[in-house]
């Protein structure tokens, strides 16, 4: 009887195990990453490239645009930020005079400007700006405002950065002849990458970029540095990344159609804002040709991956300055 009881217990236990295992969820295979549709988009900067255009890949929509002459200086808007950037779409440069007396800086301080000017890194690296780490010095900078879309020079200004804290910046600026001298407070807003200052129509803080979470890429002119031509600065037209947690990778060795999610996971991504840049097109002296083999994958702040490549630089009427691209969420 004891033997029978032991066998019975074993049988019952086996039956229970079978019953329990049949109730457990089955292990399902991981589904393949489902890509979105291939979409086509375009923006118009006009033939003179006067517009800066902000675009959301997620929304497939232009978020905002502004004239490239709408601003001169950009100020890092995080609470601990202190970096100041130039509007490189206008070919702006800066020179530190080494002087702290604002009133003593004049037109004579532009002598040798071309040889001693500095520029912002095209990569957008905030530790490589023309003005640099100005804190604790209060040096006066001479800044050329560059050129407008018609190629007209906008002249020089002098700028002295006085202070920066969690809420904003205090700066003094004016013309080299001593006119339009003004001390102004620039207010920070951490919802934006930068706060902006314009020297047009008085010295005022202006709104330019949309909130940093609203866009992914910007179409604009900017200053590229040809390091193989003795660091020659040159104004180019291209596509820049949102500096807020957006990265990208470039690949010209594989066809656009062949790039999938798995391939995108093998790339090394960089936060350099000019990763997409301008080299997807070439100029032969009279017209532009787009190289569709230049492909890019953009990793957005929403943790989404988009592949894109450009297919045109002209609109239906044959007017340049109208980038057109195909893109797909991977």
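Numbering (the working numbering), first residue to last: 3 to 332. For every residue, glycine included, the Cβ atom is placed at its ideal position computed from N, Cα and C.
Cα separation between residue i and residue j?
| i | j | result |
| --- | --- | --- |
| residue 136 | residue 308 | 38 Å |
| residue 175 | residue 87 | 15 Å |
| residue 119 | residue 95 | 6 Å |
| residue 288 | residue 105 | 47 Å |
| residue 303 | residue 330 | 16 Å |
| residue 328 | residue 286 | 24 Å |
| residue 313 | residue 274 | 23 Å |
| residue 300 | residue 68 | 23 Å |
| residue 269 | residue 242 | 19 Å |
| residue 282 | residue 292 | 6 Å |
| residue 163 | residue 221 | 29 Å |
| residue 115 | residue 134 | 17 Å |
| residue 149 | residue 265 | 42 Å |
| residue 245 | residue 125 | 10 Å |
| residue 130 | residue 192 | 21 Å |
| residue 247 | residue 306 | 12 Å |
| residue 13 | residue 267 | Summary for residue 13: the model assigns pLDDT 43, below 50, so the residue's position carries little reliability, and this model does not support an answer. |
| residue 257 | residue 311 | 10 Å |
| residue 298 | residue 59 | 13 Å |
| residue 159 | residue 140 | 16 Å |
| residue 48 | residue 89 | 19 Å |
| residue 23 | residue 64 | With a pLDDT of 48 at residue 23, under the threshold of 50, the modelled position of that residue is not reliable, and no figure is offered here. |
| residue 109 | residue 127 | 30 Å |
| residue 142 | residue 295 | 46 Å |
| residue 317 | residue 39 | 23 Å |
On a CA-only basis, which of the options is nearest residue i? Give me that one, please.
| i | options | result |
| --- | --- | --- |
| residue 54 | 102, 91, 292 | 91 |
| residue 37 | 259, 318, 268 | 259 |
| residue 340 | 327, 122, 167 | In the structure as shown, the chain begins at 3 and stops at 332. Residue 340 is therefore absent and cannot be evaluated. |
| residue 194 | 173, 218, 183, 172 | 218 |
| residue 102 | 161, 62, 157 | 161 |
| residue 152 | 141, 70, 201, 89 | 70 |
| residue 237 | 228, 224, 244 | 224 |
| residue 277 | 112, 252, 85 | 252 |
| residue 228 | 192, 280, 255 | 280 |
| residue 284 | 155, 240, 108, 89 | 240 |
| residue 147 | 112, 197, 298, 141 | 112 |
| residue 155 | 107, 172, 93 | 93 |
| residue 157 | 202, 197, 172 | 202 |
Tell me which residues share the same chain as residue i and place their Cβ nearer than 8 Å to its Cβ, disregarding the 5 neighbours each side in the sequence.
| i | result |
| --- | --- |
| residue 320 | none |
| residue 215 | 193, 246, 303 |
| residue 261 | 253, 297, 299, 309, 332 |
Leaving out five residues on either side along the sequence, give the residues of the same chain with a beta carbon under 7 Å from the beta carbon of residue i.
| i | result |
| --- | --- |
| residue 66 | 56, 212 |
| residue 249 | 271, 272, 273, 301 |
| residue 62 | 41, 43 |
| residue 72 | 200, 208, 210 |
| residue 315 | 283, 290, 292, 322, 324, 325 |
| residue 84 | 78, 137, 166 |
What is the residue span of the alpha helix (DSSP H) that residue i lies within?
| i | result |
| --- | --- |
| residue 118 | 115 to 118 |
| residue 336 | In the structure displayed, the chain extends from 3 to 332; residue 336 sits before or after that span and is not available. |
Give every residue of the same chain whose Cβ lies closer than 6 Å to the Cβ of residue i, excluding the five residues on either side of it in the sequence, and list them in chain order.
| i | result |
| --- | --- |
| residue 168 | 81 |
| residue 170 | 187, 188, 189, 190 |
| residue 35 | 263 |
| residue 226 | 124, 236, 238 |
| residue 172 | 164, 165, 187 |
| residue 198 | 73, 76, 208, 210 |
Locate the beta strand (DSSP E) running through residue i, then write down its first and last residues.
| i | result |
| --- | --- |
| residue 245 | Looking at the DSSP string, residue 245 is not in any beta strand (DSSP E), and its letter there is neither H nor E. |
| residue 106 | Element bounds for residue 106: n/a, residue is neither H nor E. |
| residue 58 | 53 to 58 |
| residue 97 | 95 to 98 |
| residue 298 | 297 to 301 |
| residue 76 | 75 to 78 |
| residue 159 | 158 to 166 |
| residue 260 | Residue 260 -> no beta strand (DSSP E), and no H or E assigned at all. |
| residue 154 | Unbroken run through residue 154: none, as it is neither H nor E. |
| residue 67 | 63 to 69 |
| residue 314 | 307 to 316 |
| residue 184 | 184 to 189 |
| residue 284 | 283 to 285 |
Does any CB atom of chain C fall closer than 8 Å to the CB of residue i?
| i | result |
| --- | --- |
| residue 36 | Absent from the structure: chain C. Only one protein chain is present. |
Indicate, with yes or no, if the ligand GDP has a heavy atom lying under 7 Å from the CB of residue i.
| i | result |
| --- | --- |
| residue 196 | Ligands in the displayed structure: none, and consequently the ligand GDP is not present. |
Task: Stretch pair the region 64 to 79 + the region 197 to 207: three plus CB contacts closer than 8 Å - done: yes
Task: Segment contact flag, the region 168 to 182 with the region 46 to 64, C-beta cutoff 8 Å, min 3 pairs - done: Here the region 168 to 182 does not lie against the region 46 to 64, with fewer than 3 beta-carbon pairs under 8 Å apart.
- [ ] Examine the Cβ distances between the region 220 to 235 and the region 185 to 192 and report whether three or more of them are shorter than 8 Å.
- [x] no
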